[in-house]
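Q:
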Amino acid sequence: MYSEETVPKLVADTDEDQESVNAPEDNESSAFSEKNVRLGFIRKVYGTLLCQFLVTILVMVMFLYIKSLKRYSRHNEWIWITALVVWILTVILFAFYEDTRRHFPHNMIFLGIFTLCLSVLLGAVASHYDEEAVLLAAGITAGVCFGLVIFSFQTKFDFTMSAGFLFVSLNVLIEFGFFAIILNKEVLSVFLASLGALLFSIYFVIDIQFMLGGKHKYSLSPEDYIFASLNLYLDGVILFFHILSIVREAKK
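Listed below in structure tokens is the structure:
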């Protein structure tokens, strides 16, 4: 006969023993579940972002290549003013009402309005530029964004810790931007556009790290996939504006 000491314990004798037996399995299961949720969240964000950019590209192509629409847009400022006002109202609603960010179908409705307004605004602005400059700026923006996505996945530096500093830098950039408009200095405009492109490139990386979560200090909830895609979309659009300004000055 085997003694009690030599018989393997198939069942834990106490609650503490039971917890010690189950703990590794529970931790592993929890980590696996959290990883799956985060991957699903990332897929939702990039899927939504792709749809947003496809809509924006379609609208911009219409404003660039439909001559009657291009002429009408150039001589009727109410188009971009209306789009801007509705877009600002949508941003305010996104900021103060959780339903617009998290709950279906409100989030999809406001996402569509947000994207369409910003697409029309981009199209109206693009109609004042020649097609080559717009396409070049769009290509550069796409390349920069792709590189930033790869960088965000590879870097060990936590950019989410720099959000406060970047917010202050953004305010300074806006103030200098107003001076550049008033003074009409081309060199200053190019410098500020370059600085703005750099700033929003960093914002793009920060928003990707917010989405990735993991070891970063700050991250978004999986319920906020609409909010995450809007942040990345807005970063990309503003980055495009700055690059378009640089291309315009370079082609003069």
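Numbering (the working numbering), first residue to last: 1 to 252.
We treat Cβ as the ideally placed atom computed from N, Cα and C, and that holds for glycine.
Note that the structure is a prediction, hence the values are computed from the model and not measured.
What's the gap between the Cα of Trp78 and the Cα of Ser127?
A: Here the question's residue 78 lines up with position 78 in the sequence shown. Here the question's residue 127 lines up with position 127 in the sequence shown. Cα to Cα, Trp78 sits roughly 14 Å from Ser127.
Q: Considering just the uninterrupted stretch of the alpha helix (DSSP H) at Asp107, what are its terminal residues?
A: As a first step, residue 107 is located in the sequence shown; it is residue number 107 there, counting from the start. The amino acid occupying residue 107 in the given sequence is Asn; Asp does not appear at that position. Per DSSP, Asn107 belongs to the alpha helix (DSSP H) from 106-126.
Q: Quick one: give me the first and last residue of the alpha helix (DSSP H) that Asp99 is part of.
A: The count along the sequence shown starts at 1 and reaches residue 99 at position 99. Taken as a continuous stretch (DSSP letters only), the alpha helix (DSSP H) holding Asp99 covers 99-102.
Q: So which of Leu121, Arg248, Val237 has the shortest CA-CA distance to Ala83?
A: Counting from 1 along the sequence shown, the entry for residue 83 is found at position 83. Checked all of Leu121, Arg248, Val237; the closest Cα to Ala83 is Leu121.
Q: Between the Cα of Gln60 and those of Phe94, Leu116, Tyr225, Val247, spot the shortest distance and give me the residue it belongs to.
A: Reading the sequence shown from its first residue, position 60 is the one you call residue 60. Checking the displayed sequence, the identity of residue 60 turns out to be Met instead of Gln. Among Phe94, Leu116, Tyr225, Val247, the Cα nearest to that of Met60 is on Leu116.
Q: Using DSSP with H/G/I as helix, E/B as strand and the rest coil, what is Glu77?
A: Here residue 77 corresponds to residue number 77 of the sequence shown, with the count starting at 1. If DSSP states are grouped into helix, strand and coil, Glu77 belongs with coil.
Q: Below 7 Å between beta carbons: does that hold for Ala124 and Trp87?
A: Here residue 124 corresponds to residue number 124 of the sequence shown, with the count starting at 1. Here residue 87 corresponds to residue number 87 of the sequence shown, with the count starting at 1. No. Outside cutoff.
Q: Below 6 Å CB to CB, which residues in the same chain sit around Ile238 once its five sequence neighbours on both sides are set aside?
A: On the sequence shown, residue 238 is found 238 positions in, with the first residue counted as 1. Cβ neighbours of Ile238 beyond the five flanking positions: Phe200.
Q: Am I right that Ile226 and Thr48 are in contact with their C-beta atoms under 8 Å? What's the rounded C-beta distance?
A: Counting from 1 along the sequence shown, the entry for residue 226 is found at position 226. Counting from 1 along the sequence shown, the entry for residue 48 is found at position 48. About 7 Å separates the two Cβ atoms, so the contact holds.
Q: Mapping DSSP to helix, strand and coil, what is Asp130?
A: Numbered from its first residue, the sequence shown carries residue 130 at position 130. Here Asp130 sits in coil by DSSP.
Q: For Gly236, does the count of other Cβ atoms within 10 angstroms reach 16, so buried, or fall short, so exposed?
A: In the sequence shown, counting from the first residue as 1, residue 236 sits at position 236. Burial call: buried.
Q: Roughly how many whole angstroms lie between the Cα atoms of Arg248 and Val205?
A: Numbered from its first residue, the sequence shown carries residue 248 at position 248. Numbered from its first residue, the sequence shown carries residue 205 at position 205. Using only the alpha carbons, I get a separation of about 26 Å.
Q: Whose C-beta lies closer than 7 Å to the C-beta of His106 among residues of the same chain, with five residues either side of it excluded?
A: Counted from its first residue, the sequence shown places residue 106 at position 106. Counting only Cβ-Cβ distances below 7 Å, and skipping sequence neighbours, we find Asp99, Thr100.
Q: Can you tell me which of Glu223, Ile246, Tyr203 puts its alpha carbon nearest to the alpha carbon of Asn231?
A: What you label residue 231 is simply residue 231 of the sequence shown in a count that begins at 1. The candidate whose alpha carbon is nearest that of Asn231 is Tyr203.
Q: Shorter than 6 Å, the distance from the beta carbon of Phe210 to the closest heavy atom of the ligand ADP, or not?
A: The ligand ADP is not part of the structure shown, which contains no ligands of any sort.
Q: Under 8 Å by Cβ, that's how I've got Leu244 and Ala137 pegged, so tell me the actual separation to the nearest angstrom.
A: The residue you call residue 244 lines up with position 244 of the sequence shown. The residue you call residue 137 lines up with position 137 of the sequence shown. Their Cβ separation, rounded to whole angstroms, is 4 Å, which keeps Leu244 and Ala137 in contact under 8 Å.
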